[in-house]
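Here the structure comes first, spelled out in structure tokens, and everything after it is commentary.
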Amino acid sequence: MNYTAGQTVPNQVIVPVGKDGYVELYNGGWNAVDLIADVTGYFDRAAADGYTALNPVRFVDTREGLGAALGQVPGQGTFGVQITGWNGVPAGALNVTSTNPREAGT
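Under the numbering used here, the first residue of the sequence shown is numbered 342, with each subsequent residue one higher.
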């Protein structure tokens, strides 16, 4: 996602979950930013359409230390968070939001 300084930008993404059950979240900008991630659904081969929607549930918020360290993710920083098995989710579709960026980034 692209953002400018001080802007809050959400972006729906579908991410593959690693064999270890984790997803990696990455700040591609050069400066620190808060990251928020909500699970909105998951793919399951047993479901008729393959996708099971969920009411959005927040599982990462760096502003509060939920699912990650408290504080902004540094520029070019990354962290992993376990999603498989979390609230019964086998794999996920996430809504990821960047907020409080100090400068523009991607």
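Built from N, CA and C at the ideal position, the CB exists for glycine as well. Bear in mind that the values here come from a model prediction, so they are computed numbers and not experimental data.
Could you pull out every residue in the same chain whose Cβ sits closer than 7 Å to the Cβ of residue i, ignoring the five residues on either side in sequence?
i	result
Ala306	Given a span of 342 to 447 for the chain in the structure shown, any question on residue 306 remains unanswerable.
Tyr392	Gly382 and Phe384
Does the Cβ of residue i have 16 or more other Cβ atoms within 10 Å, making it buried, or fewer, making it exposed?
i	result
Leu411	exposed
Val354	exposed
Thr403	buried
Pro351	exposed
So, at 6 Å on beta carbons, what are the nonlocal neighbours of residue i in its own chain, with the 5 sequence-adjacent residues on each side left out?
i	result
Asp361	none
Excluding the 5 residues preceding and the 5 following residue i in the sequence, name in chain order all residues of the same chain whose CB lies nearer than 8 Å to its CB.
i	result
Ala394	Thr381 and Gly382
Closest to residue i by CA distance: which of the options is it?
i	options	result
Pro397	Asp379, Glu405, Val354 and Thr349	Asp379
Ile314	Gly359, Ala409, Gly347 and Ala346	Since the first residue shown for the chain is 342 and the last is 447, residue 314 is missing from the structure and cannot be characterised.
Ala346	Gly370, Glu405 and Gln353	Gly370
Practice item. For the region 364-383 and the region 417-426, state whether three or more C-beta atom pairs, one from each stretch, are separated by less than 8 Å. Key: yes
Exercise for review: Report the residue ranges of all beta strand (DSSP E) runs contained in full by the region 390-427; include only those spanning at least 3 residues, in chain order.
Suggested key: 392-402 and 419-423
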